[in-house]
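Below is one structure, written out as structure tokens, with a few remarks after it.
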Amino acid sequence: MCMEAYLQGQDLWELVAGSDTEIPVDTAANIEPRRKWKIKCGKALFALRTSISKEFIDHVCDVGSPKEV
């Protein structure tokens with residue numbers, strides 16, 4: 006519950022459970038949205054990975070999106 010609140014407060018929750026779980030399609034028009042999505046994805050993954058106990062971290066260290074965590 007605390008992680009959900011944190012991600013919502015940082016405007017990252019949509020990457021985990023909302024409508025923004027997939028990276029935008031790679032087109033010329035989507036260069037900036039893709040860049041912003043990757044930055045937000047990195048922030049969400051960092052928050053999620055640092056909150057997971059060491060015994061489970063191996064299961065999530067290679068995932069590519071916050072939704073997969």
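Just so we're aligned: the sequence shown equals residues 6 to 74 in this note's numbering. Glycine included, each C-beta is placed from N, C-alpha and C at the ideal position.
Item	Value
Rounded straight-line distance, which links the Cα of E19 to that of Y11	12 Å
DSSP state of G47 mapped onto helix, strand, coil	helix
K72 vs V21 beta-carbon contact at 7 Å	yes
DSSP three-state assignment for G14, whether helix, strand or coil	helix
Three-state secondary structure assigned by DSSP to S56	helix
Of the residues G23, P38 and D67, the one placed nearest F51, counting alpha carbons only	D67
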